[in-house]
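Its first residue numbered 17, the sequence shown is counted upward by one per residue in the numbering used here.
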Amino acid sequence: MSSRQLKDEYDAQEAEAIAAALDLTLDELNQIEYTINEIANDDGLVYAYGVEIKEGAPQYILDKLAPLPRRGNLVVVRGYAHDADQEEIEIEMARKPFTK
């Protein structure tokens, strides 16, 4: 498998994982622009990830995201982890409210 094919496969797996964490379909995820941000403590330990949804997302998608835990403008996705050595993505969505 070429490096380009590996990257494409990785990107597809990442998109599936993000969509699952946000309880969206891949089609819905493809309709929004977003960035993934680490949420870390003062020592740099990452304990969650936040998905920042950019302006212009369809209202029905924003409505689907409304019940998910938030920290400021980020939708909190706990358990999202990327293992670069194995090129795998794991997603676990914690649906309880985020507390620090």
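Heads up, the beta-carbon is just placed ideally off N, CA and C, and yes, glycines get one too.
Given isoleucine 52, which residues of its chain have a CB within under 7 angstroms of its CB, disregarding the five upstream and five downstream residues?
-> Mapped onto the sequence shown, residue 52 falls at position 36. Excluding residues within five positions, the ones whose Cβ falls inside 7 angstroms are Tyr65, Val67.
Which of helix, strand or coil DSSP assigns to isoleucine 34 | By one-based count along the sequence shown, residue 34 stands at place 18. If DSSP states are grouped into helix, strand and coil, isoleucine 34 belongs with the helices.
With burial defined as no fewer than 16 other Cβ atoms inside 10 Å of the residue's Cβ, what is the status of leucine 42: buried or exposed?
-> Along the sequence shown, one-based indexing puts residue 42 at 26. Classification of leucine 42: exposed, given that the 10 Å Cβ count is below 16.
Locate the beta strand (DSSP E) running through leucine 90, then write down its first and last residues.
-> The count along the sequence shown starts at 1 and reaches residue 90 at position 74. From DSSP, the beta strand (DSSP E) with leucine 90 extends over 90 to 93.
Three-state secondary structure (DSSP) of isoleucine 77 = On the sequence shown, position 61 is the one that residue 77 refers to. Three-state result, isoleucine 77: helix.
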